[in-house]
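Those protein sequences? They're chains C and A, same order as listed.
Under the numbering used here, the first residue of the first sequence is numbered 2, with each subsequent residue one higher.
Under the numbering used here, the first residue of the second sequence is numbered 2, with each subsequent residue one higher.
Beta carbons: idealized from backbone N, C-alpha and C, even for Gly.
From a predicted model like this one, the values you see are computed outputs, not experimental measurements.
2 protein chains.
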Amino acid sequence: MSKEAQTSVPIHELVANRWSPRAFTGETMPVASLKRVLEAARWAPSCFNEQPWRFIVATNDDEAAFARALGCLNESNQRWAKKASALLFTAAKKTFARDGKPNRYALHDLGLAVENLVLQALADGWHAHQMAGIDAGAVRERYAVPEDFETLTAIALGKLADPATLPEPLREREQKPRERLPLSDIAFAGRFGDTWTPRDP
Amino acid sequence: MSKEAQTSVPIHELVANRWSPRAFTGETMPVASLKRVLEAARWAPSCFNEQPWRFIVATNDDEAAFARALGCLNESNQRWAKKASALLFTAAKKTFARDGKPNRYALHDLGLAVENLVLQALADGWHAHQMAGIDAGAVRERYAVPEDFETLTAIALGKLADPATLPEPLREREQKPRERLPLSDIAFAGRFGDTWTPRDP
């Protein structure tokens, strides 16, 4: 199944074809692929090259570790994420290593790294589904996340399965077209809210 | 000049070849390319599909608009960013449109969109350099950014120039290899800080 974005202008195939499925096969993800997605995250840019991103990894070839991770997700996410091949939790270092001051770019920079990770997964034939619906307190406790790190999201990585493997209403949601605000609502010029209207050459 | 990352495992060429130069030619960026980078940002994932990202665009074919944007950067950034083809400011909506509650994923999700933008630029033959060093108050005032949006970074987009066009010490910095923390410092399993050491098949 392809959910290629209906873009207003052509964009790179990885960006156009990335989406967040819930139907996964449950097959094991090769270590090489998992290493590549983490390596892609590693090379993201960040403020002062702080690299505030951290990832906790649990793969479904280790049943106990996977169950422990799955239990940190909201119940509604557990329903489908149990068929993921790997579950990752993301965290960001809240202060700069260089001077201990608050890093207000930490979450933004974590996002930069995560998008690299997600696109690399797709390049390798895997899909990612990010979740805000987690028990961040449970993640902090189970994995002993230090105070200086903010736990933010989970990422399910898996191989795409038939939407028919999902229960309703997830099955229906899985097949809906992807929707976005028009470009005119997010790109401005001159004044915030004034649509960027370039002079075409 | 290539600054391909020395990765521990092979990764997608766009991710491996992305870096943040300061030497730009100053040539005009085709509208089609600029549209594509913004379109790539548009298709990023976000919590509840909120799409909190906003971009203010200034291109160097409009001298007054470009000077107005350039003046919002720190002086040290102005020195090289004056040769960018476009300057963008990023902002994130701090609350959810659906219920007005604080969106703690807003900056993270802005980061997801920005990485799409940066990789799309590279796919089109352009480079991006993100900056934290801006006068966020000036951005807010000059572009009338509403209170509900956080102004975060600037992004210079341009065509790569010879590092020799830069003054020192920027010239030397431009040619340094890219460095990152080892993967073992950012990917954990079982317990935060315990290196993820997968069993190779």
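Can you name the start and end residues of the alpha helix (DSSP H) that residue i belongs to?
| i | result |
| --- | --- |
| Gln121(C) | Ala107 to Ala124 |
| Gly27(A) | Neither: Gly27(A) is in no alpha helix (DSSP H) and is coded neither H nor E. |
| Phe67(C) | Glu64 to Leu71 |
| Glu1(C) | Limits of chain C in this structure are 2 at one end and 202 at the other, which puts residue 1(C) out of reach. |
| Leu35(C) | Val32 to Arg43 |
| Glu173(C) | Leu171 to Glu175 |
So the candidates are the options; which of them puts its Cα closest to the Cα of residue i?
| i | options | result |
| --- | --- | --- |
| Ile187(A) | Val16(C), Glu51(C), Pro31(C) and Ser9(C) | Glu51(C) |
| Ile135(A) | Ser77(A), Pro22(A), Val32(A) and Ala190(A) | Ser77(A) |
| Val119(C) | Arg19(C), Gly72(C) and Met2(C) | Arg19(C) |
| Trp197(C) | Val32(A), Pro170(A) and Thr196(A) | Val32(A) |
| Ile12(A) | Phe67(C), Gly126(C) and Arg105(C) | Gly126(C) |
| Phe67(C) | Ser47(C), Glu180(C), Pro22(C) and Phe90(C) | Phe90(C) |
| Val10(C) | Arg192(C), Ser34(C) and Pro183(C) | Pro183(C) |
| Leu169(A) | Thr8(A), Gln131(A), Arg23(A) and Ser185(A) | Contrary to the premise, residue 169(A) reads as Glu rather than Leu in this sequence. Checked all of Thr8(A), Gln131(A), Arg23(A) and Ser185(A); the closest Cα to Glu169(A) is Arg23(A). |
| Thr152(A) | Leu108(A), Lys4(A), Leu39(A) and Leu71(A) | Leu108(A) |
| Ala145(A) | Arg37(A), Glu14(A) and Ile57(A) | Ile57(A) |
| Ala59(C) | Leu71(C), Pro53(C), Met132(C) and Val16(C) | Leu71(C) |
| Phe193(A) | His130(C), Met2(C), Ala139(C) and Ala190(C) | Ala139(C) |
| Phe189(A) | Trp54(C), Phe25(C), Ser47(C) and Glu5(C) | Trp54(C) |
| Lys160(A) | Phe25(A), Ser21(A) and Leu39(A) | Phe25(A) |
| Ser21(C) | Leu171(C), Gly191(C) and Ala65(C) | Leu171(C) |
| Arg69(C) | Lys177(C), Ser86(C) and Arg143(C) | Arg143(C) |
| Lys4(C) | Asp195(C), Pro178(C), Gly191(C) and Ser185(C) | Pro178(C) |
| Leu39(C) | Ala17(A), Gln131(A) and Asp63(A) | Ala17(A) |
| Pro147(A) | Asp63(C), Tyr106(C), Asp195(C) and Ala65(C) | Asp195(C) |
Does the distance from the CB of residue i to the CB of residue j come in under 8 Å?
| i | j | result |
| --- | --- | --- |
| Leu74(C) | Ala93(C) | no |
| Leu158(C) | Ala114(C) | no |
| Gly27(A) | Asn61(A) | yes |
| Gly41(C) | Leu88(C) | Reading the sequence as shown, one finds Ala at residue 41(C) and not Gly. Result no, Cβ atoms of Ala41(C) and Leu88(C) do not sit closer than 8 Å. |
| Ala45(A) | Asn104(A) | no |
| Pro199(C) | Leu35(A) | yes |
| Cys48(A) | Ala6(C) | no |
| Leu15(C) | Ala129(C) | no |
| Glu180(C) | Pro164(C) | no |
| Thr29(A) | Ser86(A) | yes |
Considering residue i, what are the terminal residues of the beta strand (DSSP E) in which it resides?
| i | result |
| --- | --- |
| Leu15(C) | Element bounds for Leu15(C): not the beta strand (DSSP E) but the alpha helix (DSSP H), Glu14 to Asn18. |
| Gly207(C) | It is not possible to answer for residue 207(C), since the shown part of chain C is limited to 2 through 202. |
| Trp54(C) | Trp54 to Thr60 |
| Glu76(A) | Not the beta strand (DSSP E): Glu76(A) falls in the alpha helix (DSSP H), residues Glu76 to Ala82. |
| Lys94(C) | Ala87 to Lys94 |
| Ala151(C) | For the record, residue 151(C) in the displayed sequence is Glu; it is not Ala. Its beta strand (DSSP E) spans residues Phe150 to Gly159. |
| Met132(C) | His128 to Met132 |
Kindly say whether residue i, judged by its beta-carbon, lies nearer than 8 Å to any beta-carbon of chain E.
| i | result |
| --- | --- |
| Leu158(C) | Chain labels in this structure do not include chain E; the protein chains are C and A. |
Return yes when the C-beta of residue i is under 7 Å from any heavy atom of the ligand GTP, and no when it is not.
| i | result |
| --- | --- |
| Leu113(C) | As presented, the structure is devoid of all ligands, the ligand GTP included, so that no description of it is given. |
Fill in: Contacting positions in the segment 2-16 of chain A - beta carbon closer than 8 Å to chain C
Ala6, Thr8, Ser9, Val10, Pro11, Ile12, His13, Leu15 and Val16
Practice prompt. State whether the segment 95-110 of chain C contacts the segment 79-87 of chain C, with contact taken as three or more CB pairs (one from each stretch) at a distance under 8 Å.
Written response: Cβ pair count under 8 Å is below three, so no.
Item to complete: Identify each residue in the segment 48-59 of chain C for which the Cβ-Cβ distance to at least one residue of chain A is less than 9 Å, and report them in chain order.
Response: Cys48, Phe49, Asn50, Gln52, Trp54, Arg55, Phe56, Ile57, Val58 and Ala59
Worksheet item: Along the segment 180-191 of chain A, what residues have a CB closer than 8 Å to any CB found in chain C?
Response: Result list: Glu180, Arg181, Leu182, Leu184, Ile187, Ala188, Phe189, Ala190 and Gly191.
Worksheet item: Which residues, taken in chain order from the segment 125-153 of chain C, show a beta carbon closer than 8 Å to some beta carbon of chain A?
Response: Gln131, Ala133, Tyr144, Ala145, Val146, Pro147, Phe150 and Leu153
Worksheet item: Taking Cβ-Cβ distances below 9 Å as the criterion, which residues of the segment 33-46 of chain A are in contact with chain C?
Response: For the segment 33-46 of chain A, residues whose beta-carbon sits nearer than 9 Å to a beta-carbon of chain C comprise Ala33, Leu35, Lys36, Arg37, Val38, Leu39, Glu40, Ala41, Ala42, Arg43, Trp44, Ala45 and Pro46.
Worksheet entry | Contact list for the segment 79-108 of chain C against chain A, Cβ threshold 7 Å | Tyr106 and Leu108
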